[in-house]
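Novice: For the sequence shown, the numbering used here gives the first residue as 883, with consecutive numbering after it.
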Amino acid sequence: MSVRCQVTGRVPGHGKQVSHSQQRTSRRWLPNVQRRRYWLPSEQRWVRLRVSAKGVGTIDRRGIEAVVAELRARGERV
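(1) Does the count of Cβ pairs from the segment 913-933 and the segment 887-894 closer than 8 Å reach three?
(2) For G891, which three-state DSSP category applies?
(3) Give the list of continuous beta strand (DSSP E) stretches no shorter than 3 residues that lie fully inside the segment 902-929.
(4) Can you name, in chain order, every residue of its own chain whose Cβ lies under 8 Å from the Cβ of K898, other than the five neighbours on each side?
(5) Could you compute how far the alpha carbon of I922 sits from the alpha carbon of S884?
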């Protein structure tokens, strides 16, 4: 499974790492993705989401119900 936030859609960035001698090699910047459990009161059950640190803040601001509704509208299974 790829490293991707279900809420914000963040994916790894890519670019070059530059050493002291200016030799360039490819590298990736991975998003801070965690597996979190949230209680969904309307369904009386826990849902498990893979969210980035920014996604956790989004859920705290907007509420889990609104975020899950948006995920389902996008066609993701929750």
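Ideal Cβ positions, reconstructed from N, Cα and C, are used throughout, including at glycine.
Specialist: Per the coordinate set shown:
(1) The segment 913-933, when compared against the segment 887-894, does touch it at the 8 Å Cβ threshold.
(2) Secondary structure of G891 (DSSP, three-state): coil.
(3) Here the runs fully enclosed are 906-911 and 915-922.
(4) Excluding sequence positions up to five before and after K898, its CB lies within less than 8 Å of the CB of R906, T907, S908 and R909, all in the same chain and listed in chain order.
(5) Residue 922 is actually Leu in this sequence, not Ile. Cα to Cα, the separation comes out at about 25 Å.
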